[in-house]
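Worksheet for the structure shown next.
Protein chains in written order, with our numbering: chain A, 79 to 415; chain B, 79 to 415.
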């Protein structure tokens, strides 16, 4: 069990300062208080007061997504949500769910039976059983990357896919690329649909041709690259935009296997900016999602729904992170290096 | 100047309870505290502590929109924003602006010179000078009903126009209407463009014909009705969806002038649910925007931007408010009344 002393040691501050931060004393700065609270949550500390509060409990359901290790996509989202909830004295339970769990338990019943005031759902697929039930749920619910029409109890939170994909395509265009391929994520995902639409409209706005042999759907896994990359390269692609960073890593491996060098022969751009994007070789140019902020905004949206403010959608800005995997198109004149 | 005693009288509670609410004492309920704070703001009270805080100042700019009287569109938005800001010890100044003011003062310079940490802008038009400057502003800024691409310092807040217009069109369809006209708002407005797109796609999804002689742009004023309603009726429209409630009121007056009875001969649906919608005759079926919630969400979004959380977009759910101005299409069989 994490003690106040452990938090003090990690932050290099005194035990009494940590205490003040946890207890909301007014003689430490707001900034320091927030660092203390955030660190306490990250280390798994729970205050007596949050244990005392009784029925202030939220549930975070996760499916199809890693979140326990720091380098997994869900880690920072879960952390941001817990940090914000903790600051407002909510307890958060995290439950990993499966399609069969959703078949055996009704969503509303599960929340009510277990005394939850609301929930945040990460990673559900379009065809999941609970997605149907969310159309009529009466429980305050925030969905990451999924949208339910017409139900004022459900809010969608995510990163603006349209702006993100446009950033990637426009960046490649500025680097001289015209034959740009797109290896998208899963078929059963709302954001994959958005990113597909975004890719097509970004290409059209630049006057670039959309070719069926330069677009495909992967499954959010690196393995999909080997089925599609050979065709893209054969069709003359000089750059490949990917639906996420894992796909991008698979694309880079497949390019190397086929003796194409990244970025000299092919540029590759990912989406997400997961931890390994910065350290892989070549490091990955990607579209960043602010995952800790997504978690924090998910809490704010859920809290709004609980207070009967009918938030429907909260989107964060993506940003372009320029690294090594995308470079200016080599035009054949002068030295290649 | 409003005193604690005035707030106590208005709420019918003791002066000491109001004091406790204003000072954050822990022995009154959170619900009562919020009512006290909200009422204090509505009555124009400022606590000593908010006056003491120094540089915690936000600015609310308003253009093209009434906000000082309770029945004006902007009133509840401004109130919701001020209520949330006050609760977090921010001072809010409200400044009515004009196009010429925007030409004479640079946006960022004005905020910096006057010590504002961020701003909420209501009612700007697409061609306004400050809209250009917002593309590159470094000041945390929330825009009502306007979107600036790619700038992480600017957030768009509004009501989901697509869902709202679809609610109106689908409601009329369920009532038997097939010849549905649309009198939209101003040409120079992003939400008018959204509502136009929404109307066209809602009609197409229902398999209804889009006709040029049944769609027009007004200017968010009731006066536009007389130019367009005669043509709609001549083309056989049995229902008219309007870009806002003021336009809808003008449409109803024009119908009556032309000897058409609302709703027996023509159904009319507005957008916004302004105060008079409930009391006009016939009372107005409309798409409600939660304006107090919009103001509260604008504060939450601005506070997020100030804390470097790059919110891009926050949308609220619209809801259909059924009143007298829309009714089942009379099919010619049986009694008309």
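The C-beta atom is built at its ideal place from N, Cα and C for all residues, glycine as well.
Task: Proximal residues to residue 120 (chain A) (C-beta, below 7 Å), its chain only, five neighbours per side dropped - done: As a working note, residue 120 (chain A) is residue 42 in the first chain. Excluding residues within five positions, the ones whose Cβ falls inside 7 Å are 157.
Task: Opening and closing residue of the alpha helix (DSSP H) in which residue 110 (chain A) lies - done: Walking along the first chain from the start, residue 110 (chain A) turns up at place 32. From DSSP, the alpha helix (DSSP H) with residue 110 (chain A) extends over 108 to 120.
- [ ] Would you mind listing the alpha helix (DSSP H) stretches within the stretch 128 to 179 of chain A that are 4+ residues and don't spill past its ends, in chain order?
- [x] 153 to 165
TODO: Give a yes or no on whether the minimum CB-CB distance between residue 343 (chain A) and chain D is below 9 Å.
DONE: No chain D appears in this structure, whose protein chains are A and B.
Open item on the list: Quick check: the Cα distance between residue 138 (chain B) and residue 174 (chain B), rounded to an integer number of angstroms?
Closed with: Working through the second chain from its first residue, we reach residue 138 (chain B) at position 60. Working through the second chain from its first residue, we reach residue 174 (chain B) at position 96. Going from the Cα of residue 138 (chain B) to the Cα of residue 174 (chain B) covers about 8 Å.
Open item on the list: Under 8 Å, with one C-beta from each stretch per pair, do the stretch 212 to 229 of chain A and the stretch 241 to 259 of chain A reach the 3-pair mark?
Closed with: no
TODO: Go ahead and label residue 187 (chain A) buried or exposed: buried means 16 or more other beta carbons lie within 10 angstroms of its beta carbon, across all protein chains shown.
DONE: Along the first chain, read from residue 1 onward, the residue named residue 187 (chain A) stands at position 109. Label assigned to residue 187 (chain A): exposed.
Task: Nearest candidate by alpha-carbon position, reference residue 315 (chain B), set B:297, B:323, B:340 - done: Walking along the second chain from the start, residue 315 (chain B) turns up at place 237. Nearest C-alpha to residue 315 (chain B): B:340.
Task: Residues in the stretch 364 to 380 of chain B having any Cβ partner in chain A nearer than 7 Å - done: 368, 371, 374, 375, 378
Task: Classification of residue 147 (chain B) by the beta-carbon crowding that lies within 10 angstroms, buried from 16 upward - done: For the purposes of this step, residue 147 (chain B) is taken as the residue at position 69 of the second chain. Exposed is the call here.
Task: Beta-carbon contacts of residue 397 (chain B) that lie in its chain and below 6 Å, excluding the five residues immediately before and after - done: For this step, residue 397 (chain B) is matched to residue 319 along the second chain. The residues are 366.
Task: Below-9 Å beta-carbon distance, residue 85 (chain B) vs any chain A residue - done: Counting from 1 along the second chain, the entry for residue 85 (chain B) is found at position 7. Chain A, which has no Cβ nearer than 9 Å to the Cβ of residue 85 (chain B), makes this no.
Open item on the list: In the DSSP assignment, the beta strand (DSSP E) including residue 196 (chain A) goes from what residue to what residue?
Closed with: Taking the first chain and counting its residues from 1, the one referred to as residue 196 (chain A) is at position 118. Its beta strand (DSSP E) spans residues 196 to 200.
TODO: Take every Cβ of the stretch 287 to 304 of chain A, pair it with every Cβ of the stretch 337 to 351 of chain A, and state whether three or more of those distances are shorter than 8 Å.
DONE: no
Task: chain B contact for residue 213 (chain A) (CB, 9 Å cutoff) - done: As a first step, residue 213 (chain A) is located in the first chain; it is residue number 135 there, counting from the start. Chain B, which has no Cβ nearer than 9 Å to the Cβ of residue 213 (chain A), makes this no.
Task: Residues near residue 116 (chain A) by beta carbon distance below 7 Å, same chain, minus five either side - done: The residue given as residue 116 (chain A) occupies position 38 in the first chain. Here the set comprises 161.
Open item on the list: Given this structure, state the Cα-to-Cα distance separating residue 405 (chain A) from residue 358 (chain A), to the nearest angstrom.
Closed with: Here residue 405 (chain A) refers to the residue found at position 327 when the first chain is read from its first residue. Here residue 358 (chain A) refers to the residue found at position 280 when the first chain is read from its first residue. C-alpha separation (whole angstroms): 16 Å.
- [ ] Within its chain, find whatever has a CB closer than 7 Å to the CB of residue 236 (chain A); leave out the 5 residues flanking it on each side and keep chain order.
- [x] The residue you call residue 236 (chain A) lines up with position 158 of the first chain. The answer, listed in chain order, is 222, 223, 269, 393.
- [ ] Please list the partners that residue 162 (chain B) has in chain A, where partner means a Cβ-to-Cβ separation under 8 Å.
- [x] Along the second chain, one-based indexing puts residue 162 (chain B) at 84. Chain A residues near residue 162 (chain B): none, gap ~10 Å exceeds 8 Å.
- [ ] Assign residue 226 (chain A) to one of three DSSP states: helix, strand, or coil.
- [x] Here residue 226 (chain A) refers to the residue found at position 148 when the first chain is read from its first residue. Three-state DSSP puts residue 226 (chain A) in coil, outside helix and strand.
TODO: Mind listing the chain B neighbours of residue 388 (chain A)? Cutoff is C-beta to C-beta under 9 Å, in chain order.
DONE: For this step, residue 388 (chain A) is matched to residue 310 along the first chain. Per Cβ cutoff of 9 Å: 368, 371, 394, 395, 396, 397.
- [ ] Kindly indicate which three-state DSSP category residue 83 (chain B) falls into: helix, strand or coil?
- [x] Taking the second chain and counting its residues from 1, one reaches residue 83 (chain B) at position 5. Residue state, collapsed to three classes: helix.
Task: Sequence-distant residues of its chain with Cβ nearer than 6 Å to residue 122 (chain A) (five each side left out) - done: Translated into positions along the first chain, residue 122 (chain A) becomes position 44. Result list for residue 122 (chain A): 80, in chain order.
Task: residue 332 (chain A) beta carbon less than 9 Å from that of residue 363 (chain A) - done: In the first chain, the residue the question calls residue 363 (chain A) occupies position 285. In the first chain, the residue the question calls residue 332 (chain A) occupies position 254. No, they are not a contact pair.
Open item on the list: Counting only Cβ pairs nearer than 8 Å, list the residues of chain A close to residue 241 (chain B).
Closed with: Within the second chain, residue 241 (chain B) is the residue found at index 163, counting from 1. Simply 227, 228, 390.
TODO: Run down chain A in chain order and give the residues with a C-beta less than 8 Å from the C-beta of residue 238 (chain B).
DONE: The residue you call residue 238 (chain B) lines up with position 160 of the second chain. Listed along chain A are 390, 391, each with a C-beta nearer than 8 Å to that of residue 238 (chain B).
- [ ] Under 6 Å Cβ to Cβ from residue 376 (chain B), same chain only, skipping five residues before and after it: list those, please.
- [x] By one-based count along the second chain, residue 376 (chain B) stands at place 298. Here the set comprises 159, 198, 220, 235.
Task: Local Cβ density within 10 Å of residue 288 (chain A), reported as buried at 16 or more and exposed below that - done: For the purposes of this step, residue 288 (chain A) is taken as residue 210 along the first chain, with counting starting at 1. Per the 10 Å Cβ criterion, exposed.
Open item on the list: Excluding the 5 residues flanking residue 317 (chain A) on each side, which residues of the same chain have their C-beta closer than 6 Å to its C-beta?
Closed with: Here residue 317 (chain A) refers to the residue found at position 239 of the first chain. 250, 255, 258, 345, listed in sequence order.
TODO: Pull out every residue of the stretch 258 to 291 of chain B whose Cβ sits closer than 9 Å to any Cβ of chain A, in chain order.
DONE: none
TODO: Consult DSSP for residue 91 (chain A) and reduce its assignment to one of helix, strand or coil.
DONE: Counting from one through the first chain, the residue named residue 91 (chain A) turns up at place 13. Residue 91 (chain A): coil per DSSP, three-state reduction.
Task: Contiguous beta strand (DSSP E) assignments of at least 3 residues, all confined to the stretch 358 to 405 of chain A - done: 363 to 366, 389 to 394, 397 to 399
- [ ] Could you spell out where the alpha helix (DSSP H) holding residue 185 (chain B) opens and where it closes?
- [x] By one-based count along the second chain, residue 185 (chain B) stands at place 107. Here the alpha helix (DSSP H) through residue 185 (chain B) covers 185 to 191.
Open item on the list: Out of B:246, B:248, B:272, B:183, which one is the CA nearest neighbour of residue 225 (chain B)?
Closed with: Position 147 of the second chain, counted from the first residue, corresponds to residue 225 (chain B). Residue 225 (chain B) has its Cα closest to that of B:272, out of B:246, B:248, B:272, B:183.
TODO: Please list, in chain order, all residues of the same chain as residue 319 (chain A) whose beta carbon is under 6 Å from its beta carbon, the five residues on each side excluded.
DONE: Here the question's residue 319 (chain A) lines up with position 241 in the first chain. Once the five neighbours on either side are set aside, the close Cβ partners of residue 319 (chain A) are 246, 260, 347.
Open item on the list: I'd like the list of long-range same chain contacts for residue 180 (chain B), defined as Cβ closer than 7 Å, with 5 residues on each side in sequence excluded.
Closed with: Residue numbering aside, residue 180 (chain B) sits at position 102 when the second chain is read from its first letter. Once the five neighbours on either side are set aside, the close Cβ partners of residue 180 (chain B) are 206, 207, 208.
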